[in-house]
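J.: Starting off with a structure, shown below.
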Amino acid sequence: MAYDVNTIFQIAGIGIVVAMIHTVLKQMGKEDWAHWVTLIGFVVVLYMVATIIDDLFQKIKSVFLFQG
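The sequence shown begins at 1 in UniProt numbering and counts up one residue at a time.
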């Protein structure tokens, strides 16, 4: 469960790239594609955060329930 600042930078990087792609696609008149890119970026970040939270809960469970 050794997460460090790299995870935060990965999430921020995904957000910046998605925002740039969204802006370019919106200026090209492809708003539907821009929304899909934003949705896919959100799902990817949500999966990353869910994995981190799952690891956190497993760690809490092992600490308080004394399981390995």
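Glycine included, every Cβ here is placed at the ideal spot set by N, Cα and C. Values in this document were obtained by computation on a predicted structure and should not be read as measured data.
Taking the alpha carbon of G15 as the reference point, which residue from S62, M48, L65 has its own alpha carbon closest?
T.: Comparing C-alpha distances from G15 to each of S62, M48, L65 shows the shortest one belongs to M48.
J.: First and last residue of the alpha helix (DSSP H) that includes K30?
T.: Premise fails: K30 is in no alpha helix (DSSP H) and is neither H nor E.
J.: Determine the contact status of I60 and V37, defining contact as a CB-CB distance below 7 Å.
T.: no
J.: Distance, Cα to Cα, L65 vs D4?
T.: Whole-angstrom Cα-Cα distance: 26 Å.
J.: Under the rule that 16 or more other beta-carbon atoms within 10 Å means buried, what is A34, buried or exposed?
T.: Buried is the call here.
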